[in-house]
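Novice:
Residue numbers (the working numbering), protein chains in the order written: chain Y, 6 to 264; chain R, 191 to 383.
Right under this line is the structure:
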């Protein structure tokens, strides 16, 4: 059967990996290529690069990074962050990444999902959703709904995250990368309720993101949260856990992962 | 020299680089002569069934593919490249495939919690060690002749993940994205034939 995936995420700024990558044995810890090779050797199941560069030069720099990474690893990798148009997508895929993750641009123009998936195939179009809890419209105590935020979590859209996920699927998204803004950075665990709600509402794979602090959190997201994959940044970068440790733990807990 | 057929639908560098890493000499080309001269031919998989068939026709590569196979040249179809070898696909109604192998390509019809595309790492049953390899596809091959199936993979149904008939080899997964186990499969194709 299909294994659950463990996906490390690297933030890239101006062509450099940021957010305290703390590997040993790397000549240059800020080099995205070396970081990618490191995770390829560790048998991570996929890799995500999030481009957080704010300058106009960003596309060009990121394309160089993608080209070099694609030359160096034998595993699937996704690029996200600031991707606005069919041209952006084409250029990145041409440079050699396997999937593109779109967020703000998809919310602003949902037809971009349709155009991109029909041109390049659903399998390479990931829709990233940043969701935040809010009181459910019915105002039943203890019930929540989740709103979609864009622009790196700065702007509320008023869109319901579950509805948006379903719409994205209909438009041709091949996968959803779901980040809980409430949990992101807390290391207290993923938003299990959110993950489960979205994952059981759509028929495409869902990657849970935001909040991983230990291996039990990965387990919870993959079992109770019904996630198809878990994304984590700091627990791997700071070497709190290796990919192997994560997989050994999950295997012991009877989760199907690739050893 | 291995010719990797370029039908101008996407980046084939990862396929090329995987063959190089596995020890082959390989070139990505849509040049009919280069393909005909090559010792082995690879038909990779990017894009959709109908689009690629149209593109192969436009580039006048269909006869080259058929000639290579008829010449008993080792031929390897990867992912969509394997699907194209069959007669037809539910992905492209009305557009026939290459029809070199009997059978058709069907869409996954699965019950929750199984999702489509079948995306991620799954095992090859029938290959020693049942290695995990990377899949991403919504359609699967249903060969008429079941004897050509050399490995199957379980995803709601047990589908054909590797096939072989004479000099024709095919795999539904992406060996170029399957780390060590993918490279091993490429190595055995390079050595075996």
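Cβ coordinates follow ideal geometry from the N, Cα and C atoms, glycine included.
Determine the DSSP secondary structure at residue 26 (chain Y), reduced to helix, strand or coil.
Specialist: Reading the first chain from its first residue, position 21 is the one you call residue 26 (chain Y). Low per-residue confidence applies at residue 26 (chain Y): pLDDT is 44, beneath 50, and the placement is therefore not dependable, though the value from the model is reported in the following sentence. The answer is coil: DSSP assigns residue 26 (chain Y) none of H, G, I, E or B.
Novice: DSSP puts residue 15 (chain Y) in a beta bridge; with which residues?
Specialist: Looking up residue 15 (chain Y) in the first chain gives position 10. For residue 15 (chain Y), which the question treats as bridged, DSSP gives the partners Y:54.
Novice: Please name the residue, chosen from Y:108, Y:107 and Y:71, that lies closest to residue 97 (chain Y) on a Cα-to-Cα basis.
Specialist: Indexing the first chain from 1 puts residue 97 (chain Y) at position 92. Among Y:108, Y:107 and Y:71, the Cα nearest to that of residue 97 (chain Y) belongs to Y:71.
Novice: Please identify, using Cβ separations under 7 angstroms, the residues of the segment 32-54 of chain Y that lie next to chain R, in order along the chain.
Specialist: Taking 7 angstroms as the Cβ-Cβ cut-off against chain R, the residues of the segment 32-54 of chain Y that qualify are 45, 48 and 50.
Novice: Taking the alpha carbon of residue 240 (chain Y) as the reference point, which residue from Y:264, Y:214, Y:227 and Y:262 has its own alpha carbon closest?
Specialist: Mapped onto the first chain, residue 240 (chain Y) falls at position 235. The shortest Cα separation from residue 240 (chain Y) among Y:264, Y:214, Y:227 and Y:262 belongs to Y:214.
Novice: Looking at the C-beta of residue 237 (chain R), does it have a partner C-beta in chain Y at a distance below 8 angstroms?
Specialist: Locating residue 237 (chain R) in the second chain gives position 47, where the first residue counts as 1. Interface residue, yes.
Novice: Check whether chain R comes within 8 angstroms of residue 75 (chain Y), counting only Cβ atoms and requiring the distance to be less than that.
Specialist: For the purposes of this step, residue 75 (chain Y) is identified with residue 70 of the first chain, where counting begins at 1. Taking Cβ atoms only, chain R reaches closer than 8 angstroms to residue 75 (chain Y), which makes this a yes.
Novice: Tell me whether residue 236 (chain R) sits in a helix, a strand or coil according to DSSP, three-state version.
Specialist: To locate residue 236 (chain R), count along the second chain from 1; it is residue 46. Looking at residue 236 (chain R) - three-state DSSP - the assignment turns out to be coil, as it is neither helix nor strand.
Novice: Considering only the alpha carbon of each residue, which of Y:38, Y:186, Y:11 and Y:153 lies closest to residue 17 (chain Y)?
Specialist: By 1-based counting over the first chain, the position of residue 17 (chain Y) is 12. Considering only alpha carbons, the answer is Y:38.
Novice: When you compare each of Y:122, Y:108, Y:78 and Y:195 to residue 101 (chain Y) by their alpha carbons, which one comes out closest?
Specialist: By one-based count along the first chain, residue 101 (chain Y) stands at place 96. The option with the nearest alpha carbon to residue 101 (chain Y) is Y:78.
Novice: Residue 155 (chain Y) and residue 121 (chain Y) - do their beta-carbons sit closer together than 8 angstroms?
Specialist: As a position in the first chain, residue 121 (chain Y) is number 116, starting the count at 1. As a position in the first chain, residue 155 (chain Y) is number 150, starting the count at 1. Not a contact, by the Cβ cut-off of 8 angstroms.
Novice: In the DSSP assignment, find the unbroken alpha helix (DSSP H) run with residue 197 (chain R) in it and report its ends.
Specialist: Stepping through the second chain from its first residue, residue 197 (chain R) is reached at position 7. No alpha helix (DSSP H) contains residue 197 (chain R), which DSSP labels as neither H nor E.
Novice: Pull out every residue of the segment 332-361 of chain R whose Cβ sits closer than 8 angstroms to any Cβ of chain Y, in chain order.
Specialist: Answer in chain order: 344 and 345.
Novice: By DSSP, does residue 244 (chain Y) sit in helix, in strand, or in coil?
Specialist: As a first step, residue 244 (chain Y) must be located in the first chain, where it is residue number 239. Reduced to three states, the DSSP call for residue 244 (chain Y) is coil.
Novice: So who's on the other strand from residue 152 (chain Y), going by DSSP bridges?
Specialist: The count along the first chain starts at 1 and reaches residue 152 (chain Y) at position 147. BP columns for residue 152 (chain Y) point to Y:137 and Y:165.
Novice: Tell me which residue opens and which closes the alpha helix (DSSP H) that residue 373 (chain R) is part of.
Specialist: Counted from its first residue, the second chain places residue 373 (chain R) at position 183. Counting along the chain, the alpha helix (DSSP H) containing residue 373 (chain R) begins and ends at 369-382.
Novice: Can you tell me whether DSSP reads residue 96 (chain Y) as helix, strand or coil?
Specialist: The sequence position of residue 96 (chain Y) within the first chain is 91, counting from 1. Note: residue 96 (chain Y) maps to helix in three-state DSSP.
Novice: As an exercise, report each continuous beta strand (DSSP E) stretch of at least 3 residues that is fully enclosed by the segment 207-263 of chain R, in chain order.
Specialist: You should have 216-219 and 230-233.
Novice: Could you pull out every residue in the same chain whose Cβ sits closer than 7 angstroms to the Cβ of residue 342 (chain R), ignoring the five residues on either side in sequence?
Specialist: For this step, residue 342 (chain R) is matched to residue 152 along the second chain. Taken in chain order, the residues that qualify are 315, 316, 348, 349, 350 and 351.
Novice: Within its chain, find whatever has a CB closer than 6 angstroms to the CB of residue 326 (chain R); leave out the 5 residues flanking it on each side and keep chain order.
Specialist: Counted from its first residue, the second chain places residue 326 (chain R) at position 136. The residues are 307 and 309.
Novice: At what residues does the alpha helix (DSSP H) containing residue 37 (chain Y) begin and finish?
Specialist: Working through the first chain from its first residue, we reach residue 37 (chain Y) at position 32. Per DSSP, residue 37 (chain Y) belongs to the alpha helix (DSSP H) from 37-46.
Novice: Counting only Cβ-Cβ distances shorter than 9 angstroms, please list the residues of the segment 207-227 of chain R near chain Y, keeping chain order.
Specialist: Within the segment 207-227 of chain R, the residues whose Cβ lies closer than 9 angstroms to some Cβ of chain Y are 207, 208 and 211, listed in chain order.
Novice: Can you name the residues of chain Y whose CB is closer than 7 angstroms to the CB of residue 366 (chain R)?
Specialist: For the purposes of this step, residue 366 (chain R) is taken as residue 176 along the second chain, with counting starting at 1. 79, listed in chain order.
Novice: Out of curiosity, what's the CA-to-CA distance linking residue 44 (chain Y) and residue 13 (chain Y)?
Specialist: Counted from its first residue, the first chain places residue 44 (chain Y) at position 39. Counted from its first residue, the first chain places residue 13 (chain Y) at position 8. Going by the C-alpha atoms only, they are around 8 angstroms apart.
Novice: In chain Y, which residues lie with their C-beta within 7 angstroms of the C-beta of residue 369 (chain R)?
Specialist: Against the second chain, residue 369 (chain R) aligns to sequence position 179. Those within 7 angstroms of residue 369 (chain R) in chain Y are 45, 48, 79 and 80.
Novice: Taking 8 angstroms as the CB-CB cut-off, is residue 10 (chain Y) touching chain R?
Specialist: Taking the first chain and counting its residues from 1, one reaches residue 10 (chain Y) at position 5. Yes - at least one Cβ of chain R is within 8 angstroms of the one on residue 10 (chain Y).
Novice: Name, going along the chain, the residues of the segment 78-103 of chain Y whose beta-carbon falls closer than 8 angstroms to a beta-carbon of chain R.
Specialist: Listed by position, the residues of the segment 78-103 of chain Y near chain R (Cβ gap below 8 angstroms) are 79, 80, 81, 98, 99, 100, 101 and 103.
Novice: Which whole-angstrom value describes the C-beta separation of residue 355 (chain R) and residue 375 (chain R), a residue pair presumed to lie in contact below a C-beta threshold of 8 angstroms?
Specialist: Counting from one through the second chain, the residue named residue 355 (chain R) turns up at place 165. Counting from one through the second chain, the residue named residue 375 (chain R) turns up at place 185. That belief does not hold up - the Cβ atoms of residue 355 (chain R) and residue 375 (chain R) are roughly 17 angstroms apart, past 8 angstroms.
Novice: Just to confirm, is the Cβ distance from residue 11 (chain Y) to residue 49 (chain Y) under 8 angstroms?
Specialist: For the purposes of this step, residue 11 (chain Y) is identified with residue 6 of the first chain, where counting begins at 1. For the purposes of this step, residue 49 (chain Y) is identified with residue 44 of the first chain, where counting begins at 1. In contact: residue 11 (chain Y) and residue 49 (chain Y) (Cβ atoms closer than 8 angstroms).
Novice: Starting from residue 274 (chain R) and walking both ways along the alpha helix (DSSP H), at which residues does that stretch end?
Specialist: Locating residue 274 (chain R) in the second chain gives position 84, where the first residue counts as 1. Taken as a continuous stretch (DSSP letters only), residue 274 (chain R) belongs to no alpha helix (DSSP H), as it is neither H nor E.
Novice: Just to confirm my understanding: we take residue 257 (chain R), look at its own chain, exclude 5 residues before and 5 after, and list those with CB closer than 7 angstroms. What are they?
Specialist: In the second chain, counting from the first residue as 1, residue 257 (chain R) sits at position 67. Hits under 7 angstroms: 226.
Novice: What's the gap between the Cα of residue 26 (chain Y) and the Cα of residue 242 (chain Y)?
Specialist: Indexing the first chain from 1 puts residue 26 (chain Y) at position 21. Indexing the first chain from 1 puts residue 242 (chain Y) at position 237. Low confidence applies here, because residue 26 (chain Y) scores a pLDDT of 44, under 50, leaving its location unreliable; read the following figure in that light. The straight-line gap from Cα to Cα measures roughly 5 angstroms.
Novice: Can you name, in chain order, every residue of its own chain whose Cβ lies under 8 angstroms from the Cβ of residue 261 (chain Y), other than the five neighbours on each side?
Specialist: Here residue 261 (chain Y) is taken as the residue at index 256 of the first chain, counted from 1. 6, 7, 8 and 9.
Novice: Using DSSP bridges, identify the partner residues of residue 207 (chain Y).
Specialist: Here residue 207 (chain Y) refers to the residue found at position 202 when the first chain is read from its first residue. Answer by DSSP bridge pairing: none, since residue 207 (chain Y) is not bridged.
Novice: With DSSP as the reference, label residue 352 (chain R) as helix, strand or coil.
Specialist: If you number the second chain from 1, residue 352 (chain R) lands on position 162. It is a strand residue.
Novice: Only counting the same chain, and skipping five residues up and downstream in sequence, which positions put a Cβ closer than 8 angstroms to that of residue 199 (chain R)?
Specialist: Position 9 of the second chain holds residue 199 (chain R). Same-chain partners within the cutoff: 236, 237, 241, 242 and 245.
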